[in-house]
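Below is one structure, written out as structure tokens; comments come after it.
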Ligand SMILES: Nc1ncnc2c1ncn2[C@@H]1O[C@H](COP(=O)(O)OP(=O)(O)OP(=O)(O)O)[C@@H](O)[C@H]1O
Ligand SMILES: [Mg+2]
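In my numbering, the protein residues as written are 2 to 262.
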């Protein structure tokens, strides 16, 4: 592993315990304890002018706590839509999504936003860094949304930047960082709350192969050492091969799955 981005933050303990305290108690069901993500027959249709686009046509998928799953498939097959729906960024037209026992549809918008900020991290190209904020200010945003006080938020954001070996560039704005460094800030922001689940949409898509490998190694280390669950959309078969499972989509449905370990 590249020393430059070796994991330096102390290991987190009692993930399970922490999560259950952040979830509304009445929504935690014992039935969904094994799978942290439960996607059941989800349908999503977009209205585009007079046309309807059936982006998800009944997708079901369960992901175990601590799993690293790759979602692959041709452009337009519904991968980003699935991530948006499964994380509660977008609403579904049919089916059910349960995260750590919480049915997303039963949460109010406000509760869902807080739930996301506390339990999930996002490495999305479209969910980008805010250009007017420095790296550390970008990273501390999810903490501020979660209600963490500013002083503690700053300290934890600096620690997250240290995890991705960028503490020395904490005051740089995104425009003053390389593409790979920006993606590392994205990852620091996704991890700052020590989420249970990280959703990544082509996290290495815009990077050269060496930087892509560094980012993948960082995610693998976090998965192995901190037990984070990763769902990674990728076009890169080499990334897929390093995940526990590859789920292949085509035209709004899952067509195959293969397990690696
Ligand atoms: N907001 C939207 N309004 C209308 N149609 C949409 C919208 N978002 C996605 N779509 C359509 O839904 C389908 C699935 O799109 P999605 O972005 O999920 O594909 P994808 O698998 O992520 O593709 P890519 O690999 O190119 O990122 C496509 O036909 C797309 O045009
Ligand atoms: Mg996409």
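Beta carbons are placed, not taken as given, at the ideal position from N, Cα and C, and that holds for glycine.
On a predicted model such as this, the values are computed, not experimentally measured, just so you know.
Residues of its chain near residue 241, where Cβ-Cβ distance is below 7 Å and the 5 sequence neighbours each way are ignored:
71, 73, 235 and 247
Assign residue 42 to one of three DSSP states: helix, strand, or coil.
strand
Among 202, 175 and 185, which has the Cα closest to the Cα of residue 162?
185
Would residue 131 pass as a contact of residue 196 if the rule is Cβ separation under 9 Å?
no
Where residue 34 falls: helix, strand or coil (DSSP):
With a pLDDT of 48 at residue 34, under the threshold of 50, the predicted position of this residue should be treated as unreliable, though the coordinate-derived value follows. If DSSP states are grouped into helix, strand and coil, residue 34 belongs with coil.
Among residues of its own chain, excluding the 5 on either side of residue 2, which ones have a beta-carbon nearer than 6 Å to its beta-carbon?
Annotation note: pLDDT 38 at residue 2 (below 50); position unreliable, coordinate value reported separately. 218.
Is residue 90 close to ligand 1? I mean its beta-carbon at under 8 Å from any heavy atom of the ligand.
no
Would you check whether ligand 1 has a heavy atom nearer than 8 Å to the C-beta of residue 241?
no
Inter-residue Cα distance where the pair is residue 228 and residue 200:
14 Å
Tell me the start and end of each unbroken alpha helix (DSSP H) in the stretch 86-128 that is at least 4 residues and wholly inside, in chain order.
110-120
Judging by CA-CA distance, which residue of 153, 140 and 207 is the nearest neighbour of residue 181?
If we check each option's Cα against that of residue 181, 207 comes out closest.
Taking just the CA atoms, how far does residue 233 sit from residue 203?
7 Å
Is any non-hydrogen atom of ligand 2 found closer than 8 Å to the C-beta of residue 235, if you look at the structure I gave you?
no
Alpha carbon of residue 110 to alpha carbon of residue 120, nearest angstrom:
Looking at the backbone, the Cα of residue 110 and that of residue 120 are separated by about 15 Å.
How about residue 164: is its Cβ closer than 8 Å to a heavy atom in ligand 1?
no
Hey, quick one: how far does the beta strand (DSSP E) through residue 140 stretch, first residue to last?
Run containing residue 140: none in the beta strand (DSSP E); it sits in the alpha helix (DSSP H), 136-146.
Do residue 99 and residue 91 have their C-beta atoms within less than 9 Å of each other?
Not a contact, by the Cβ cut-off of 9 Å.
Have a look at the DSSP bridge pairing and note the partners of residue 63.
When beta bridges are read from the DSSP output, residue 63 appears opposite 39.
Ignore the nearest five residues each way along the sequence and tell me which others in residue 61's own chain have a CB closer than 7 Å to its CB.
40, 41 and 42
Restricting to runs no shorter than 3 residues, where is the beta strand (DSSP E) found entirely within the stretch 179-254?
198-202, 230-234 and 246-251
Look up residue 171 in the DSSP assignment and say whether it is helix, strand or coil.
coil
For residue 1, list the residues DSSP reports as bridge partners.
Absent from the model: residue 1. The displayed extent of the chain is 2 to 262, so no value can be given.
Give the secondary structure of residue 57 by DSSP, where H, G and I count as helix, E and B as strand, and everything else as coil.
strand
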